[in-house]
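Peer 1: Under the numbering used here, residues 1319 to 1557 are what the sequence shown spells out, in order.
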Amino acid sequence: MKPEIIKIDDTTWALDEGGVRFFLLAGTERSMMIDSGMQTEDARGIAEEILTEAGAPHGDALVLLNTHADNDHIHCNSQFPWFYMNPAEATNFYNTKKKTGEMHAIWDDEEIDLGDRTIRVIEIPGHTPGSVALLDVERRRLFSGDSVQDGRIFMFGVQREMHAYRQSMEKLMWMTELFDKVYPSHGTLEVSPELIEKLYDASGQLLEGKLEGRAADLFGNAITIYDLGFATFLCEPKQ
């Protein structure tokens, strides 16, 4: 399929597949694709077309960074000679997902210079062990992957951990002075930073047993759904 291309500004695009989106950012020296989609067959080719038309760096100057290694974020990784990823995702990527490719490690607070555009890595484990958010420093935007969104946040399965997730939300709460807008991979394209505190509070209530959930089945997995009103946690079945 070909995703819908949404222009955020002259150097930033969202590529929306309907269920998940990935992003394209252009600097003056390099461009970066954030994740590589789930159903798009030629994510790199589409990115090259966008960048060429915009007069932005492309070809060898286009790099890929994965927010995490779930299937809906890594489909076109093989189109790149290497990719940035937090090493805590290595087991998920290489063992669970049986993928191949050369990983270049990214770490908390590391900065990647695209040329007049700085991308800072923020480790936010919980949804997965190596989930990261990306701070677009000069433009005051946060690309949050799956962790901050108003849609369904998957928190069931062996790699998900709500205690870690809540700590990550607390970490982001202390950083909201650095960004004005949040761009998630699911749900609404642009959400307010205020959502982070709501998710922090709700995860705490869940851990304290104060939220009522309902049993459901998703992809053959028994889960508990917690509808928060502003987002949804999909968690392990209640014991």
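We put the beta carbon where it would ideally sit given N, CA and C, even for glycine. As the structure is a computational prediction, the values presented were derived from the model and not from experiment.
Just checking my contact of Pro1555 with Ala1520 at CB under 8 angstroms: how many whole Å lie between their CB atoms?
Peer 2: Along the sequence shown, read from residue 1 onward, the residue named residue 1555 stands at position 237. Along the sequence shown, read from residue 1 onward, the residue named residue 1520 stands at position 202. Pro1555 to Ala1520, Cβ: 19 angstroms. No contact.
Peer 1: For Ile1514, report the span of its alpha helix (DSSP H) as first-last.
Peer 2: Within the sequence shown, residue 1514 is the residue found at index 196, counting from 1. Here the alpha helix (DSSP H) through Ile1514 covers Glu1512 to Leu1525.
Peer 1: I think Asp1390 touches Met1356, with their Cβ atoms under 8 angstroms apart; what is that distance to the nearest whole Å?
Peer 2: Here residue 1390 corresponds to residue number 72 of the sequence shown, with the count starting at 1. Here residue 1356 corresponds to residue number 38 of the sequence shown, with the count starting at 1. Their Cβ separation, rounded to whole angstroms, is 4 angstroms, which keeps Asp1390 and Met1356 in contact under 8 angstroms.
Peer 1: Which residue wins for smallest C-alpha separation from Glu1322, given the options Phe1537, Ile1430, Leu1507 and Arg1470?
Peer 2: Walking along the sequence shown from the start, residue 1322 turns up at place 4. Answer by Cα proximity: Leu1507.
Peer 1: Distance check for Ile1326 and Ile1471, CA to CA, integer angstroms please.
Peer 2: Taking the sequence shown and counting its residues from 1, one reaches residue 1471 at position 153. Taking the sequence shown and counting its residues from 1, one reaches residue 1326 at position 8. If I take the Cα positions, the gap works out to 24 angstroms.
Peer 1: Can you list, in chain order, the residues of its chain with a C-beta nearer than 6 angstroms to that of Thr1329? Leave out the 5 residues immediately preceding and following it.
Peer 2: In the sequence shown, the residue the question calls residue 1329 occupies position 11. The residues are Ala1344.
Peer 1: Leaving out five residues before and five after Cys1553 in sequence, what residues of the same chain have Cβ atoms less than 6 angstroms from its Cβ?
Peer 2: Along the sequence shown, read from residue 1 onward, the residue named residue 1553 stands at position 235. Answer for Cys1553: Met1473, Phe1474 and Thr1542, listed in chain order.
Peer 1: Considering just the uninterrupted stretch of the alpha helix (DSSP H) at Ala1365, what are its terminal residues?
Peer 2: For the purposes of this step, residue 1365 is taken as the residue at position 47 of the sequence shown. Ala1361 to Ala1372 is the extent of the alpha helix (DSSP H) around Ala1365.
Peer 1: Taking the alpha-carbon positions, what's the Val1439 to Ile1352 distance?
Peer 2: Taking the sequence shown and counting its residues from 1, one reaches residue 1439 at position 121. Taking the sequence shown and counting its residues from 1, one reaches residue 1352 at position 34. Taking the straight line joining both Cα atoms gives about 12 angstroms.
Peer 1: Along the chain, where does the alpha helix (DSSP H) containing Tyr1483 start, and where does it finish?
Peer 2: Here the question's residue 1483 lines up with position 165 in the sequence shown. Taken as a continuous stretch (DSSP letters only), the alpha helix (DSSP H) holding Tyr1483 covers Met1480 to Met1491.
Peer 1: Helix, strand or coil: which one does DSSP assign to Ala1387?
Peer 2: Locating residue 1387 in the sequence shown gives position 69, where the first residue counts as 1. Note: Ala1387 maps to coil in three-state DSSP.
Peer 1: For Gln1477 and Glu1456, I'd like the C-alpha separation in whole angstroms.
Peer 2: Here residue 1477 refers to the residue found at position 159 when the sequence shown is read from its first residue. Here residue 1456 refers to the residue found at position 138 when the sequence shown is read from its first residue. Looking at the two C-alpha atoms, the distance is approximately 33 angstroms.
Peer 1: What did DSSP end up calling Asn1395 once you bin it into helix, strand or coil?
Peer 2: What you label residue 1395 is simply residue 77 of the sequence shown in a count that begins at 1. Correct three-state label for Asn1395: helix.
Peer 1: Using DSSP with H/G/I as helix, E/B as strand and the rest coil, what is Gly1463?
Peer 2: Position 145 of the sequence shown, counted from the start, is the residue given in the question as residue 1463. Strand at Gly1463.
Peer 1: Between the beta-carbon of Thr1358 and the beta-carbon of Ala1387, is there less than 9 angstroms?
Peer 2: For the purposes of this step, residue 1358 is taken as the residue at position 40 of the sequence shown. For the purposes of this step, residue 1387 is taken as the residue at position 69 of the sequence shown. No, they are not a contact pair.
Peer 1: Beta-carbon separation of Phe1461 and Phe1341 under 9 angstroms?
Peer 2: Taking the first residue of the sequence shown as position 1, residue 1461 is located at position 143. Taking the first residue of the sequence shown as position 1, residue 1341 is located at position 23. Yes, the pair counts as a contact, with Cβ atoms nearer than the cut-off.
Peer 1: For Pro1399 versus Glu1366, is the C-beta spacing smaller than 9 angstroms?
Peer 2: The residue given as residue 1399 occupies position 81 in the sequence shown. The residue given as residue 1366 occupies position 48 in the sequence shown. Cβ atoms of Pro1399 and Glu1366: not closer than 9 angstroms.
Peer 1: Buried or exposed for Asn1539, please, with buried defined as at least 16 other CB atoms from any protein chain shown within 10 angstroms of its CB.
Peer 2: The count along the sequence shown starts at 1 and reaches residue 1539 at position 221. Exposed: under 16 other Cβ atoms inside 10 Å.
Peer 1: Let me know the secondary structure DSSP gives Asn1404 once reduced to three states.
Peer 2: By one-based count along the sequence shown, residue 1404 stands at place 86. If DSSP states are grouped into helix, strand and coil, Asn1404 belongs with coil.
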